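I have placed the structure first, in the form of structure tokens, so that the comments after it can refer back to it.
Residue numbers (the numbering used here), protein chains in the order written: chain P, 1 to 526; chain Y, 527 to 1052.
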């Protein structure tokens, strides 16, 4: 597939006269061809208008039609697996096996949503039949189901160039719900984005849909994103990235003449509570697993464990020593961009000025501006509690050990937490049973509670919640991973007194789709 | 029950030293005793802290326990039916039969939510069992369910002093979800509010709950509301009222350090499309029904039909003449407050300066500052389309007839609409079938589509949607009437790798609650 560097405005390609930029190989610092061209305001307008036009027909397609479309995109990803992973490897320095796996995950997500909309129960159909004989007044027939919101803007994420980017979970769930999508490509992997967008655009054409179902714009700066999020025809926004950028988007969405739902997944310390039983078992192995988790993807996972609370038990020293040794001898990492690497070094140095940096890997042989070395911090509990900034995420391969005295420290720490994506408890069942209060408090703070696992490696399933109270996300009522992600892009619409012939099939008396519904509030057939 | 005029801070009563105010009888203009006292900042703080403390235990109560609580409140309302309605009649001038009915509706809503949480399936439990043999890596056990958000602030609405006020649908659904509630009482019916709050506080005590489960504050101005919505411990807000006030609350919620969900139900023109078949049947009867709908509750319903599109057919003249006659001879109305009456007269006069006021009732014998007379406006279609302000709601007994030439006008009008709570189509099935495009466009604009009915008289059922795109509400993904209203106050929480003994019962393998769940995305047992 030949790369041209132009935006996709439905079936057309954008101009080549906007500000240009190139991808950079984080391993070498070398610039990659081709040149990429920023979309201009007229092109943003064109993408929004196309999406709005497409919504009229695309929103009326049925689940089977949308499932075929999503599977066609998945087929395209699988057919171009090697090409996608290779370009992503050049642009992100993430290892090839991980990227090949990410292509598979991206296709798998598309197929999961295809299954969900083909089966059809996701629309939460409810039927309250008419009660013509009710006293003092009859009741009309009332039925409702979920319908798509309208055009959705998706911001590609830097850290998953496939699974959370152009055709990632945000795009897949919005398309599944019946919403056209406009992607703002992440400038750190424009080539990967162009390859992915071509597969989407081809699938739109092959299905015979209105071309406005999918567009993608490039931008060297932030203007295209701002123009999209404030465009009157845009109805929702999805984003994964930093707290600062995410909050800016939230504020723009909330300040619109007509505010719109804005889903930003931003910042999380993913606290880990090591209970005594976990240290009694195999403290060195625990340190190895934790090291693997906080350095996975060079520590650039949303769910990286960044805060680890360790009790003062005899085995804690073994755990500490092993972790220090692992960090000391860690290989250097190439982060996604020079900007991320610079911010990592800055934030880590600022933290090291506040609290002990107990281990840092050598970084002598690193030349690229994207290079970074693993770091391990340690702080006593009371200082942690007195310094709220220590709970802030530092994106990159580092973590903070908090030395605690007793279980009561854990409860106080949990109470002091803001929102996070996850909280993890490591220990035996006795530990858990002895910490019910801790669990109840953590439940108020996070979207996912993990027992004896690590938060990295988010499964794409039906029960997954990748969300949590602010600042983890903008809205704790939704998830950006797993099949429930579709609920971000739909809203209930009620039909009162409609004849069968004018109702959507999901609401017909005969339930021709065979979906799970509620009838007068009870599961149908029950 | 003796009225004292003090706020309820859990089980305690507030001070009597804040700014004071009295209710006013809209019929007579007479002030009603007792004096009501504004809550001071320390009392707001107390209410928020109590609610936050109460959340720890109240959020862990089970559905049966909360159902008993909600039914106890309903019992209290029914036992004090006459007393509640009589005080509400004095404070609102709404007729006694309507208010006695509203007590019943309030109790009915509480019982509906009791049934929902006792049955238990509302938590949307999902179970994705572990796959220990999966390649290349095993999958952990992943389960999720809805859990309550935290303390909720409810603003009482002026136009339903019982069903959308202290113990109305917002409070009932938040308590059902497991959230403590702090009500900001509407100053137009403080006595009704105090009676209702006493019933709630007594029910909290009788169930042995933490007293912070319910508080209610009075305020002569807007400071208490602002302090509540910006309080760090408050997790969500529900409001029904004007666009201006609602938008202010939205902006305050969005500007917080930690933004929170804010549900405001604000403004709706509730457009009615009269299709040719409806006029062919009984044009005079149609006029009578429409008149009944837009003057119901003195035109102070959220769903009042404020925009009526009428085709140019031979029977239209009969419809127009009958409607003019009905408005001309309408009795004067007493609106809820002098402020509402003043704003009604101001807005109606401004509109009359723009377009023809074709009928207005006599108001000669009205003395109260709350008095208002019915009004009927008429505008040609092209002028309607060219004047967006004509789609704005004027709260009170009036409506606007838009004279259209043909069905294409209807499509253009629908396309031009902002968000509304409802849209209504009147006609025969042939009309509907000939207007599929109109239906598809309207579906994008409203929460509820009505065929051959009127939008006033919102049923409290499981399929009801009382919501819609901005400016009808702040968030089109939710409803403030019907059992789905509970979903505003809950969020999914995921448990990964948890032993059975530490999981909530809704997620146990054996499904001890017998609720509808998804297992690997499929209805359990299917």
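Ideal Cβ placement from N, Cα and C applies to all residues, glycine included. These numbers were taken from a predicted model, which means no experiment stands behind them.
Three-state secondary structure (DSSP) of residue i
i, result
"residue 216/P", "strand"
"residue 143/P", "strand"
"residue 819/Y", "helix"
"residue 222/P", "coil"
"residue 527/P", "Nothing can be reported for residue 527/P: it is not among the residues displayed for chain P, which extend from 1 to 526."
"residue 532/Y", "coil"
"residue 22/P", "strand"
"residue 1052/Y", "Note on residue 1052/Y: pLDDT 47, under 50, position unreliable in the model; the coordinate value appears next. Of the three classes helix, strand and coil, the one that applies to residue 1052/Y here is coil, per DSSP."
"residue 203/P", "helix"
"residue 578/Y", "helix"
"residue 955/Y", "helix"
"residue 244/P", "helix"
"residue 654/Y", "strand"
"residue 188/P", "coil"
"residue 110/P", "helix"
"residue 1041/Y", "coil"
"residue 693/Y", "coil"
Where residue i meets chain P, residues with beta-carbon distance less than 7 Å
i, result
"residue 1044/Y", "462"
"residue 653/Y", "463"
"residue 825/Y", "Within chain P, no residue comes near residue 825/Y; the closest Cβ sits about 20 Å away, beyond 7 Å."
Other residues of its chain near residue i: CB distance less than 8 Å, five sequence neighbours each side excluded
i, result
"residue 342/P", "369"
"residue 333/P", "295, 298, 299, 371, 372, 373, 374, 396, 397"
"residue 627/Y", "none"
"residue 624/Y", "823"
"residue 156/P", "164, 165, 166, 168, 183, 184, 185, 186, 189, 193"
"residue 1060/Y", "No statement about residue 1060/Y is possible, as the shown extent of chain Y runs from 527 to 1052 and does not include it."
"residue 598/Y", "729, 732, 733"
"residue 1026/Y", "1034, 1035"
Chain-ordered chain Y contacts of residue i [CB-CB under 9 Å]
i, result
"residue 429/P", "1025, 1027, 1028"
"residue 6/P", "Those do not exist, as residue 6/P stays about 31 Å from chain Y at its closest Cβ, beyond 9 Å."
"residue 62/P", "In chain order: nothing, as chain Y lies at least about 14 Å away."
Cutoff 7 Å; reference residue i; Cβ partners in own chain excluding five residues on either side
i, result
"residue 229/P", "153, 237, 249, 252, 253"
"residue 528/P", "Outside the shown range of chain P, which is 1 to 526, sits residue 528/P, and nothing can be said about it."
"residue 140/P", "130, 496, 497"
"residue 526/P", "The predicted model places residue 526/P with a pLDDT of 47, which falls under 50 and marks its position as unreliable, so this point remains unresolved."
Proximity of residue i and residue j at Cβ, strictly below 9 Å
i, j, result
"residue 426/P", "residue 286/P", "yes"
"residue 177/P", "residue 489/P", "yes"
"residue 805/Y", "residue 829/Y", "no"
"residue 45/P", "residue 211/P", "no"
"residue 825/Y", "residue 923/Y", "yes"
"residue 390/P", "residue 400/P", "yes"
"residue 55/P", "residue 151/P", "yes"
"residue 453/P", "residue 467/P", "no"
Contact list for residue i against chain Y, beta-carbon separation under 7 Å
i, result
"residue 538/P", "Given that chain P is displayed from residue 1 to residue 526, the structure contains no residue 538/P and the question cannot be resolved."
"residue 465/P", "670, 1018, 1019, 1020"
"residue 484/P", "1018"
"residue 139/P", "985"
"residue 527/P", "A query on residue 527/P cannot be resolved here, the shown segment of chain P reaching from 1 to 526 and no further."
Spatial neighbours of residue i in its chain, beta-carbon cut-off 6 Å, leaving aside the 5 residues before and after
i, result
"residue 144/P", "126, 492, 494"
"residue 1050/Y", "1043"
Within chain Y, partners of residue i - CB distance below 8 Å
i, result
"residue 288/P", "By Cβ distance, chain Y contributes nothing, its closest Cβ being about 16 Å from residue 288/P, past 8 Å."
"residue 453/P", "666, 1022, 1023"
"residue 449/P", "1019, 1020, 1021, 1022, 1024"
"residue 250/P", "780, 785"
Residues that residue i contacts on chain P, provided the C-beta gap is smaller than 9 Å
i, result
"residue 996/Y", "256, 257, 258, 259, 260"
"residue 958/Y", "498, 499, 501, 502"
message = Just to confirm the assignment: which complete beta strand (DSSP E) runs, minimum length 3, are found wholly within the stretch 264-324 of chain P?
response = Segments of the beta strand (DSSP E) lying fully in the stretch 264-324 of chain P: 272-274, 307-311.
message = In chain order, what are the residue ranges of uninterrupted beta strand (DSSP E) at least 3 long that sit wholly in the stretch 960-1035 of chain Y?
response = 974-977, 1016-1022, all fully within the stretch 960-1035 of chain Y.
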